[in-house]
Amino acid sequence: MSLASLFKSGIFLDLYFVKNNRANLIAFLLWPYLMLILILGAGFLFGSTQSFRSNVGEDVDPIVFFVSSTLIASASLSVMWDVGGAVLFHRWAGTLPYVLLAPYRTSVILVMAYIPRYILWSFIQLAEFLPPLILRKGIYALIIDLPILSVSLIVGMLPLLGFSAIFASILLVTKEESNILSWLNPIILILSGAFYPSYLFPLWARIISQALPTTHTFELARLTALISAPGVREVILIIGILLGMSFLYNALSYTMIGKAEEKALGSGSI
């Protein structure tokens, strides 16, 4: 089986899933807006746009701020569930032994089969959020916001794939049957500043957040919320950090998941 075949299988898996699960497709399209409405509703219930700007300390558009946050949070959850949690799903389905015995490393299989899904659904959600962005910022939403959010989705995915694969390697050797990602993923999003800027956190939380790739993806996407145009230097700096993290986390995950495979096969934890 070639890498192209893995990639192709990921494409057809999602196409047939959509074809046979129309209700799930509708729920998927509605979910980002439901999440956004919940966050904005709670915000306007307990505060105002002026108090939000005062607390954040920057001149930002709150609606654009949370639109970008919702988009990145949704994409990040998708990666962490479908790559990090794939080991659990294969174990429950009884297909984990076949994945481990395949010609490629488990990390390669999980990532290559998942990339088409990520690209398809992330950019569908980006297209969904274009109308409110255009209503708030006009033509600048297409000139500035669309490119920045597109880069955030693509570059932000690279380190997160490796980061999620590290969790997959841990799940391989722990014989864990419960879905620990159900409580771990929300903690990661909170520490990443999904709902509030991470620089407002206590020192210990800021230290943890800087090690998370999702933190920098949120920061990059939120440049669209600035009333003034974001600086090119700031954009390039965050992209550089994400690319550096991508190399680190993917190299680490490739090594860890290889050792986890050997241990799982040797100990019979599958």
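Numbered according to my numbering, the sequence shown spans residues 238 to 507. Where is the CB? At the ideal position from N, CA and C, for every residue including glycine.
Going by DSSP, D296 is part of no alpha helix (DSSP H) at all; its letter is neither H nor E. Selection G399, I309, L266 evaluated against S429 yields I309 as nearest (Cα-Cα).
When the five nearest sequence neighbours on each side are left out, the beta carbons in the same chain lying within less than 7 Å of the beta carbon of G495 are those of R342, in order along the chain.
For S446, the CB contacts under 8 Å within the same chain, skipping 5 residues up- and downstream, are L428, S429, G430, S435, F438, T452 in chain order.
Residue environment analysis places G247 among the buried positions, since at least 16 neighbouring C-beta atoms fall within 10 angstroms of its C-beta.
For E471 and S490, the gap between their C-alpha atoms comes out near 28 Å.
Secondary structure note for P368: its alpha helix (DSSP H) is the uninterrupted segment 343-374. Ranking P299, S344, I361 by CA distance to the CA of L273 puts P299 first.
DSSP places G399 in the uninterrupted alpha helix (DSSP H) bounded by 383-411. Counted as a single uninterrupted DSSP element, the alpha helix (DSSP H) harbouring V255 occupies residues 240-257. Rounded to the nearest angstrom, the Cβ distance from L480 to V392 is 7 Å, consistent with a contact under 8 Å. Looking at I352, A279, V297, the one whose alpha-carbon comes closest to that of S242 is I352. DSSP places L449 in the coil class of the three-state scheme, outside both helix and strand. Per DSSP, L440 has no beta bridge partner at all. The beta-carbon separation of S483 and P396, rounded to 4 Å, stays under the 8 Å limit for a contact. Here L463 carries a strand assignment [DSSP, helix/strand/coil]. In this structure, R354 and V301 do not form a Cβ contact; the two beta carbons are roughly 27 Å apart against a cut-off of 8 Å.
In this structure, P368 lies away from V304, with their beta-carbon atoms at least 8 Å apart. F326: member of the alpha helix (DSSP H) spanning 323-330, first to last residue.
Rounded to whole angstroms, the gap between the alpha carbons of I385 and I376 is 14 Å. In the three-state reduction of the DSSP assignment, L338 falls in the coil class. For W420, the enclosing alpha helix (DSSP H) starts and ends at 418-428.
Put simply, the backbone Cα of G321 is about 5 Å away from that of A402.
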